[in-house]
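So in numbering that gives the first Met the number 0 the end of the sequence shown lands on 874, straight run, no missing numbers. A virtual CB, placed ideally from N, CA and C, is assigned to each residue, including glycine. Read the structure below first, then the notes.
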Amino acid sequence: MLEKKGLSSKEAKKKLAAHGFNEIKEINRVSSWLILWRQIKNNFIIYLLFASALMSFLVGKDTTGFTILAVIAVVIGAGFFQEFKAEKAISALKNLIVPIAIAIRDGREKTILAKEIVPGDLIVLRAGDKIPADGVVLTANELRVNEAMITGETKEMHKLPISDSPSETDKNRVFMGTVAISGRALVRVTATGMKTAFGRIAQMISQAEKTLPLQKKTNRIARYMVLVAITVSLLTGLIMVRSAPVLSLNVLIDVLVVVIALSVSAFPEGLPVVLVSTLANGARRMAAKNAIVNRMSIIETLGETTLVCADKTGTITKGEMTVRQINADDELFAVTGSGYETQGDLLKDGKKFAPPKNLGLSRLLKTAVLCNDAFLERKTEKQFKVNGSPTEAALLILGAKLGVYSEDLDWERTGETAFNSSRKMMSVFGLEKNCFTVYAKGAPETILKKCAYQEINGQLTRLTDTKIKKIQRQVKDFAGQASRVLAFAYKTFPAGSKEKIKTAETESKLVFLGLAALEDPPRPEVAGAISACRQAGIKVKMITGDNPATAARIGAEIGLLGKILTGEELDSLSEEEFLEEISQTVIFARVRPEHKLKLVNGFKKIGEIVTMTGDGVNDAPALKEAHIGVAMGEKGTDVTREVADLILKDDNFATITAAIKEGRAIFNNIQKFVAYELSCNFAELFMIFIGVALGLPTPLLALQILFMNLVTDNLPSISLGFNPSSGDIMSIPPRRQSNILNKELITLLLFNGALMGILSLSVYIFSLQIAGLAVEKARTLALLTLIFLEIASAFNFRSFRKLVLNRSPFVNRYLAYASAISLSATALILYTPLNKIFQTVPISLPLIGITILAAGSIIFIFDLLKKFKIITLKN
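Shown next, in the form of structure tokens:
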């Protein structure tokens, strides 16, 4: 009885309490202590600052020493907070797609959370499923499993029922974490969680992502900047030593502290942390729009996408198939109702019709529900939750509308020949009363080739060429209405002949029953999303296994008009012809998964950055080969979700467009905060080095440099990572460059840095030599000027096309808040006792007006450059 009914819900609950959840402990989880240690380990800046603090204590400058220690604490704390937040965001993303499994509970198939599986459960495995626990195979139909996760070998293992073996071996066992490549099986669970083979070797498994390409690029930028910073800082120190009237230990240490502070200021130490934080924030925003990032590295590539190859069913269309028309007994019937509700009737000539049991129509309905691997779970009295393919679900709903349920039929399924993209048909066979029956469904052209007879009103007649042509005309008519068309057939054998029948015989000389036309309308938002892609310079091509007429009709509804090629036509082309044809083709029909892989490789050869969608297990190679593989979160298999870079939680094409838009915005923000931070670093180096080289007193002191680095460099820089995407970001062609900094951006950041350096140094020279202010006041004014300039520059860097004076300061509210915090902190070190520590003095309003004028001038200059398109950057 156990093998038929499985566990009861009560038994399963008890076992779950005893064995715990079917989960693998998170081996690679990053602890808070590790994140904290990362802020210190390999962080050269921390060591430099600590050495500087130590030297300050040695010469009795305790206030400076303690202030530098406080700076160290702030640097570590800020880095920890950002990375901890990013780790939490990344961890949360992993939990957005919850693994499920099909278990037999209380005698019925049910969808349950994979973590709720317990030993003794009966689970159903299908092609594409990730096996959720260890178990023994009770029944199997051509079950083949990839056990590379356990054995390290990619060879597919053919699994056999335990009843077929004299003793239990690995041929009868399946293991958690491995993947069902083909076939179907019923498995009894023997171990879950950490007690599985996978759990026992979990300590050796690492799924941590390697350093991101973007991280490598920012690290490379940081290395170059470090060399520049050290060189300029040392030169500044040498000039200061030479200019000193008397050399003493105190003077040398003062110079060394300034050199260290200047080096620290010029190090873009915030880049790696801000990068991870920006990516994590972007991934979170994408998740809110139903796009789950599997690998952070693809965010960079998303913005470069030039071509989207989209599946028709479920991505462009709703994925809720509904049988609309039936052709059986040489007559046409309509079916009412929609979606997965069982309300609906069969109509003949507009009137309600109940088919007599002996008609071919009744046998067609029987075939539809028996030759089927989907199953229904009741949600309400008239609505079901469907598990399985949308096509098979529609057939079960059709049966339910007319009172035909598989469990009520006197038929025992004993085997099947599964559907695959090459065969384009499925057949099941089993015992029925006094005979052995085969039921089949599939593409009309495939089924017709297998048929020798046709049943009309219970009478068998030979299927002649004339009848075939008539059926083909009906198929074409259905397809022209944007319907997916299925054909149905059957065959009977004497009951005693079951053991003698070969598989090939079950699918030959079949009896043709009729056709069903299934409707799956396009999602209403898809046409707009495709139009947005075109505006963004992104091509869209539709790929489907449906016939060309159906594909063309759907394409016309969503604005995809153009050349159509079939899989057969692709096979007939030479390599040169293939590359030429695919670039001009808009819709690919009757395509198999191997064609998808060939198309991806072809598009890559002609220079496209390819985003490819897929849901079936056979789509995995194409998704893996594409620049961005996109899997379906609702109807996709575990295999495709695992290899995909991006998972669409709602299976919606419009979500791909939203993800591309977000990817572009994220990369633009990365460019902005990198350019801004380097620009500020360059300004500080420029001002101090030129000032010292001109023989002036050091323009800024060590603690002033460190304060500015922490408060006015890093805060606005971080906030630029949260910049919202501009409204016209999808009207710009895809970028064709892989570097964060291009020549134009480098020129801009150097110009901005030099301009800030010149303006702040000019204020310093004016204060010192023309206005005759004391050095302490001149330094304070120079510091305030540079702070105002850096904040103004952050607003300039929000957009390289839109004028600052034409936009609200709250377009990026985080930048507005960061600026307010920076200015408040600056006021504290000027107008409170903290000014003694930082060696600053209060500044009067007229003098503050000079700093505001300088900041306003940099905004005005940049707005002019943008207005007259001298700055031609597109972000």
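| Query | Result |
| --- | --- |
| Contact defined as beta carbons within less than 8 angstroms: I believe residue 627 pairs with residue 602. What is the distance between those atoms, to the nearest angstrom? | Contact flag wrong, Cβ pair sits at about 12 angstroms. |
| Rounding to the nearest angstrom, what Cα-Cα distance links residue 184 and residue 387 in this structure? | 15 angstroms |
| Output the boundary residues of the alpha helix (DSSP H) element that contains residue 755. | 742-764 |
| Within the continuous alpha helix (DSSP H) that includes residue 845, where are the two ends? | 844-866 |
| Taking the alpha helix (DSSP H) that residue 552 belongs to, which residues open and close that run? | 547-557 |
| If we require 4 or more residues per run, which alpha helix (DSSP H) segments fall completely within the region 528-606? | 547-557, 566-570, 574-583 and 592-604 |
| Could you tell me which whole beta strand (DSSP E) segments of length 3 or greater appear in the region 655-721? | none |
| By the DSSP assignment, the beta strand (DSSP E) with residue 384 in it spans what residues? | 383-386 |
| At the level of alpha carbons, what is the spacing between residue 206 and residue 709? | At residue 206 the pLDDT is 41, less than 50, meaning the model places this residue with poor confidence; the figure from the coordinates comes in the next sentence. Approximately 35 angstroms, taken between the alpha carbons. |
| Report yes or no: do three or more beta-carbon pairs, one from the region 176-196 and one from the region 139-148, lie closer than 8 angstroms? | yes |
| In its own chain, which residues sit with a C-beta less than 6 angstroms from the C-beta of residue 774, not counting the 5 before and 5 after it? | 696 |
| Quick one: grab the DSSP three-state call for residue 610. | strand |
| Would you mind reading off the limits of the beta strand (DSSP E) that contains residue 512? | 509-518 |
| Could you give the distance in angstroms between the alpha-carbon of residue 293 and the alpha-carbon of residue 11? | 32 angstroms |
| Please state whether DSSP places residue 217 in a helix, a strand or coil. | helix |
| Which same chain residues, not among the five before or five after residue 203, have their C-beta less than 8 angstroms away from its C-beta? | At residue 203 the pLDDT is 48, less than 50, meaning the model places this residue with poor confidence and gives no usable figure here. |
| Given this structure, state the Cα-to-Cα distance separating residue 19 from residue 131, to the nearest angstrom. | 14 angstroms |
| What is the rounded straight-line gap between the Cα of residue 855 and the Cα of residue 804? | 10 angstroms |
| Residue 454 lies in the alpha helix (DSSP H); which residues open and close that run? | Run containing residue 454: none in the alpha helix (DSSP H); it sits in the beta strand (DSSP E), 450-455. |
| Just curious, the alpha helix (DSSP H) that residue 342 is in, first and last residue? | That residue, residue 342, is in no alpha helix (DSSP H); it is neither H nor E in DSSP. |
| Pairs of beta-carbons, one from the region 710-726 and one from the region 810-827, closer than 8 angstroms: are there three or more? | yes |
| Would a C-beta distance cut-off of 8 angstroms place residue 585 and residue 648 closer than the cut-off? | no |
| How about residue 741 and residue 678: do their beta carbons lie closer than 8 angstroms? | no |
| Buried or exposed: which applies to residue 797, given that a residue is buried once 16 or more other Cβ atoms fall within 10 Å of its Cβ? | buried |
| So, for residue 850: in the same chain, excluding its five sequence neighbours on each side, which residues have a beta-carbon less than 6 angstroms away from its beta-carbon? | 783, 784 and 787 |
| Determine, using beta carbons only, whether residue 104 and residue 5 come nearer to each other than 8 angstroms. | yes |
| Among residues of its own chain, excluding the 5 on either side of residue 68, which ones have a beta-carbon nearer than 7 angstroms to its beta-carbon? | 52 |
| Relative to the C-alpha of residue 134, which candidate in 147, 149, 127 and 169 has its C-alpha closest? | 169 |
| Give me, in chain order, the residues of the same chain whose beta-carbon lies closer than 6 angstroms to that of residue 265; leave out the 5 immediate sequence neighbours on both sides. | 228, 680 and 684 |
| Between 760, 690 and 791, which has its C-alpha nearest residue 859's C-alpha? | 791 |
| Is it buried or exposed, residue 208, if we count other Cβ atoms within 10 angstroms and call 16 or more buried? | Confidence at residue 208 is low in this model, with a pLDDT of 44, below 50, so the placement of that residue is unreliable and no value is reported for it. |
| What first and last residue would you give for the beta strand (DSSP E) that runs through residue 493? | 482-493 |
| Please give the ranges of any beta strand (DSSP E) in the region 258-292, keeping only runs that are unbroken, at least 3 residues long and fully inside the region. | 290-292 |
| Kindly indicate which three-state DSSP category residue 438 falls into: helix, strand or coil? | strand |
| So, are the CB atoms of residue 304 and residue 610 less than 8 angstroms apart? | yes |
| Pick out whichever of 563, 700, 33 and 651 has its Cα sitting closest to the Cα of residue 290. | 651 |
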